[in-house]
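Note sheet for the following structure.
Number of protein chains: 2
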Amino acid sequence: MAVVSLLNVPDEHPAVRDAWFVRRCTVTPASAPGPLSDLLRLLGVQPSETAGELDFLIPLWRVRSGATLLHEGAPAECVHVVRSGTFKSLKTSEDGYEQVLGFAGPGEVLGFEALCRGQQPMSAVALEDSTVYALPVRSLDGWRQGSPALDHALQFALSRQLARVGEITEMMAAVAAEVRLARFLVWLSAHMLECGQSPRRLRLRMSRRDIASLLGVAHETVSRSFGSLVEWGYLRVDNREVEILDLDGLKAFKRSTRGFADQVSRRHGAGTAASPPARHAPVGVAA
Amino acid sequence: MAVVSLLNVPDEHPAVRDAWFVRRCTVTPASAPGPLSDLLRLLGVQPSETAGELDFLIPLWRVRSGATLLHEGAPAECVHVVRSGTFKSLKTSEDGYEQVLGFAGPGEVLGFEALCRGQQPMSAVALEDSTVYALPVRSLDGWRQGSPALDHALQFALSRQLARVGEITEMMAAVAAEVRLARFLVWLSAHMLECGQSPRRLRLRMSRRDIASLLGVAHETVSRSFGSLVEWGYLRVDNREVEILDLDGLKAFKRSTRGFADQVSRRHGAGTAASPPARHAPVGVAA
DNA sequence: CGATCGTTTGACGGTGCTCAATCACCGTGG
DNA sequence: CCACGGTGATTGAGCACCGTCAAACGATCG
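Quick mapping for you: the protein sequence lines, in order, are chains A and B.
The numbering used here puts the first residue of the first sequence at 1, with every later residue one more than the last.
The numbering used here puts the first residue of the second sequence at 288, with every later residue one more than the last.
Structure, rendered in structure tokens:
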């Protein structure tokens, strides 16, 4: 409870127990559970692979925007698979600072980290109204034995999860703040593509502060970095709406690494219109 | 092959095919495979849990210091479990910069990230002479079905792996370089303890440059940060031998987060010789 | 014993953090 | 309807930290 009280939990604080909080920040069972086949589709399994398997129902939860699906320190009860929506994973330190560790979208697994110690090492908060499949830890082994397809899909998803955190680390490792943001945007773009969305038009579900926390910079720096990327013609930004104007250029720019930072500073010194790969004209909005 | 040629592979380059390279940088089968029970012990399974299970032999490899166990871009053939020694995981960018993503010791899984795409997303290099169990991807499903204990142990290890990368992210997210290094040392200390080693006497297997890469700072900054931690009385350092003099103080210090960076800077201003070990209040006021 | 690599220390310049003020947006309540 | 407080985003100014360049020292291995 000591740990839980640090988080944004509807406890103790009187104001949070009424009004909009109860309406908005809740985790409730969905109207109906979902079929296993839908879960498998989410995890990337082809329908042909599940031929002849039993199709049973999986508990489905509805998580409203702002609600905390997983509480840091809470016991491990369910492993979740995001069906729709977006989540952020975070750790809260004693002084209340929220360290964002990653973002999760459809098909991603949440809460698996808790199995080894029996309690959640991090929290998960919905960034928009979302739905998740809930796989009780106790049922997990049985379900996996009953459905080889589910077993494979989970292995697959965990493998992908591990590969993704490598990408997260790469983002934070970049020297310049603009490069970090560029890597983040390219990463996000790739994931929107995987989800069948447009890779150029991004609707950011997270605040600047969340992005800043993930990238390890101040949130003002994120604002300024957005400004720079816009000025250099890579983006068009309107609050949380981001349109990538030059995805290839952005991918080239994000490769700037330590030891080659001169490429970055060169951008500043030499006119912004000269050095970028292909684009001179400020296609989008002028500063 | 295009990707592989970027790495330190004993191919094409004539110099690497002879002399010390062949002797030192090799991955070879060990003299004999190891029993499954030993693998399960590594992964943290209690012997009692495996009662009545078949004990078969698992291929065991020997990896010499400096050898590359996993090549970025290579096809996924085996999942490895470190039996002894230490590895670093890294991605090599086009310009040759090595981004270290993590370190792995006994009981940790290497190469699982490759399952989802069929090829290694990162390389793994031995930092000392090491041994690893090799679980061929083709045999994996069969072995897991044949041994529920192995199945559970792998799930457990993967969960732990995911929890660990969260810790890595936390390290890189710290503001001040000294805090990052402190977090790294505390992290390392905890893992030495898990492996039955002393949590206070650390023998660093990795270079300053590797640490710097992981923490996202310049390697000179790592040197200077070591100097600061020594000056403040937390450590005693002799090259790669590190003795932690005040583990509790170091743990308190590592909690410094963004938004509370004044704690750090205050350390510099107020005489450096005055503040060190006593550690006034973790989060409270200094001076 | 010599060569190569790793580590340490110094000086300088720049980037990004901190502290602020301002503006836009939203839901609430007058 | 508009005033109001709250949150998030943007922009500016100042300064400290850290990255870069450079050189010296130390360790390791052939």
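Beta carbons are placed, not taken as given, at the ideal position from N, Cα and C, and that holds for glycine.
Since we're looking at a predicted model, the values are computed, not measured.
Residue span of the beta strand (DSSP E) that contains residue i, given as start and end
i: F87 of chain A; result: 87-92
i: V222 of chain A; result: Taken as a continuous stretch (DSSP letters only), V222 of chain A belongs to no beta strand (DSSP E), being part of the alpha helix (DSSP H) at 219-231.
i: S371 of chain B; result: 365-371
i: R490 of chain B; result: 488-490
i: S213 of chain A; result: Looking at the DSSP string, S213 of chain A is not in any beta strand (DSSP E); the run it does join, the alpha helix (DSSP H), is 208-215.
i: E530 of chain B; result: 528-531
i: V473 of chain B; result: That residue, V473 of chain B, is in no beta strand (DSSP E); its alpha helix (DSSP H) goes 464-481.
i: D238 of chain A; result: 235-238
Residues that DSSP places opposite residue i in a beta bridge
i: G96 of chain A; result: BP columns for G96 of chain A are empty, so no partner.
i: S410 of chain B; result: B:L377
i: F399 of chain B; result: Partner(s): none; F399 of chain B has no beta bridge.
i: T355 of chain B; result: B:V412
i: W348 of chain B; result: B:P316, B:V419
i: P322 of chain B; result: B:L344
i: P75 of chain A; result: A:Q119
i: G389 of chain B; result: B:S376
Environment of residue i [buried if 16+ CB atoms lie within 10 Å]
i: F87 of chain A; result: buried
i: D549 of chain B; result: Unreliable positioning characterises D549 of chain B in this predicted model, as indicated by a pLDDT of 36, which lies under 50. The coordinate reading is nonetheless provided below. Exposed, by the Cβ-count rule.
i: C482 of chain B; result: exposed
i: V242 of chain A; result: buried
i: R553 of chain B; result: Only weak support exists for where R553 of chain B lies, its pLDDT of 38 falling under 50; the coordinates are left without a value.
i: E336 of chain B; result: exposed
i: T315 of chain B; result: exposed
i: Q46 of chain A; result: exposed
i: A457 of chain B; result: For clarity, residue 457 of chain B is Glu in the given sequence; the question names Ala instead. Classification for E457 of chain B: buried.
i: S515 of chain B; result: buried
i: E507 of chain B; result: exposed
i: F390 of chain B; result: buried
i: D55 of chain A; result: exposed
i: L480 of chain B; result: exposed
i: R527 of chain B; result: exposed
i: Q145 of chain A; result: exposed
i: S485 of chain B; result: exposed
i: R138 of chain A; result: exposed
i: D438 of chain B; result: buried
Reference residue i; option with closest CA among the options
i: H71 of chain A; options: A:D246, A:Q120, A:S93; result: A:Q120
i: A463 of chain B; options: B:S543, B:L326, B:V350; result: B:S543
i: R511 of chain B; options: B:R487, B:L534, B:L388, B:R467; result: B:R467
i: L533 of chain B; options: B:G520, B:A460, B:L445; result: The sequence shown places Asp at residue 533 of chain B, not Leu. Closest by alpha carbon: B:G520.
i: H450 of chain B; options: A:G118, A:A153, A:R203; result: Residue identity differs from the one stated: residue 450 of chain B is Ala in this sequence, not His. Closest by alpha carbon: A:G118.
i: T68 of chain A; options: A:G52, A:S48, A:L90, A:R209; result: A:L90
i: D129 of chain A; options: A:A30, A:D248, A:I244, A:G249; result: A:A30
i: K251 of chain A; options: A:R200, A:F156, A:V237; result: A:R200
i: E77 of chain A; options: A:R208, A:V237, A:Q155, A:F112; result: A:F112
i: G536 of chain B; options: B:L414, B:L397, B:L480, B:A469; result: B:A469
i: H478 of chain B; options: B:L323, B:V517, B:G392, B:L397; result: B:G392
i: S446 of chain B; options: A:Q197, A:L115, A:S147, A:A124; result: A:L115
i: A444 of chain B; options: B:D428, B:V452, B:V396; result: B:V396
i: E465 of chain B; options: B:G331, B:R425, B:L491, B:V504; result: B:V504
i: A411 of chain B; options: B:T313, B:D525, B:V524; result: B:T313
i: L489 of chain B; options: B:I531, B:L441, B:P322; result: B:I531
i: V44 of chain A; options: A:G34, A:A126, A:A153, A:T92; result: The sequence as given places Gly at residue 44 of chain A; Val does not occur at that position. Comparing Cα positions, the closest option is A:A153.
i: M409 of chain B; options: B:G429, B:L388, B:R425; result: B:L388
i: A149 of chain A; options: B:A436, B:V509, B:L437, B:D428; result: B:D428
i: M206 of chain A; options: A:G34, A:A126, A:A51, A:P33; result: A:A126
i: E340 of chain B; options: B:T379, B:A319, B:L323, B:V350; result: B:L323
i: G453 of chain B; options: A:T92, A:P33, A:E231, A:L204; result: A:T92
Residue interval of the alpha helix (DSSP H) (run including residue i)
i: T169 of chain A; result: 148-173
i: D248 of chain A; result: 247-253
The ligand ATP heavy atom lying under 7 angstroms from the CB of residue i
i: E241 of chain A; result: The ligand ATP is not part of this structure, which contains no ligands at all.
Examine the Cβ distances between the segment 71-80 of chain A and the segment 24-43 of chain A and report whether three or more of them are shorter than 8 angstroms. no
Are the segment 334-351 of chain B and the segment 418-435 of chain B touching, with three or more C-beta to C-beta distances below 8 angstroms? yes
Within the chosen definition, does the segment 368-383 of chain B reach the segment 469-478 of chain B through at least 3 CB pairs nearer than 8 angstroms? At 8 angstroms Cβ cutoff, the stretches do not touch.
Pairs of beta-carbons, one from the segment 382-396 of chain B and one from the segment 494-502 of chain B, closer than 8 angstroms: are there three or more? The answer is yes - the segment 494-502 of chain B touches the segment 382-396 of chain B, with three or more Cβ pairs under 8 angstroms.
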